[in-house]
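Worksheet: the structure to be examined is printed underneath.
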Amino acid sequence: VQLQASGGGLVQAGGSLRLSCAASGNTFSINVMNWYRQAPGKQREWIALITSGDDTSYQASVKGRFTISRDIAKNTVDLQMNSLKTEDTGVYYCHTVQGLAVYWGQGTLVTVFQ
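If you read the sequence shown in our numbering, its first letter stands for residue 4, the second for the next number, and so on.
Shown next, in the form of structure tokens:
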């Protein structure tokens, strides 16, 4: 499985960005896709997931502002980020697990300025 994240950029606080993660390769058995982020000087943290049944879950700090969704036909998982705050700044990674194998996208940088 290969994951390619895109959509990061520079945005003013209160603005929006939409990240996308394109999955390729052996994707048929992917059950859960996650988004993580790593802020400067901090550990990587989980922020959202979506299951193959379209169930979603969010970290408390992004709930109500971020929305995770997937497009089965395109094999993509998107993260719509609204009402961005400076503390949302970081590198965003998509992630999945197949059996014992863990896959990460390369990360896309989101910078939110005041």
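Glycine included, each C-beta is placed from N, C-alpha and C at the ideal position.
Since the structure is predicted, the reported quantities are computational estimates derived from the model, not experimental observations.
Given a threshold of 16 other Cβ atoms within 10 Å of its Cβ, counted over all protein chains shown, does residue i qualify as buried or as exposed?
i: T99; result: buried
i: I75; result: exposed
i: A81; result: Looking at the sequence shown, residue 81 is not Ala but Asp. The residue is buried, with at least 16 neighbouring Cβ atoms inside 10 Å.
Spatial neighbours of residue i within its chain, please: CB distance less than 6 Å, with the 5 preceding and 5 following residues excluded, ordered by chain position.
i: Q62; result: I50
i: S60; result: L52
Opposite residue i in the DSSP bridges: which residues?
i: A25; result: Q7 and T79
i: D74; result: T79
i: K66; result: F69
i: T1; result: The requested residue 1 is not part of the displayed model; the chain covers only 4 to 117.
Could you give the residue range of the beta strand (DSSP E) that holds residue i?
i: N37; result: V35 to Q41
Which same chain residues, not among the five before or five after residue i, have their C-beta less than 8 Å away from its C-beta?
i: D91; result: R40, V65, M84, V113 and V115
i: R47; result: Y39, R40, Q41 and Y96
Might you give, ordered along the chain, the residues of its own chain that have their beta carbon closer than 7 Å to the beta carbon of residue i, omitting 5 neighbours on each side?
i: G10; result: L20, R21, L22, S23 and T111
i: Q15; result: F116
i: A104; result: none
Using a Cβ-Cβ cut-off of 8 Å, state whether residue i counts as contacting chain B.
i: M36; result: Absence of chain B from the displayed structure is noted, only one protein chain being present.
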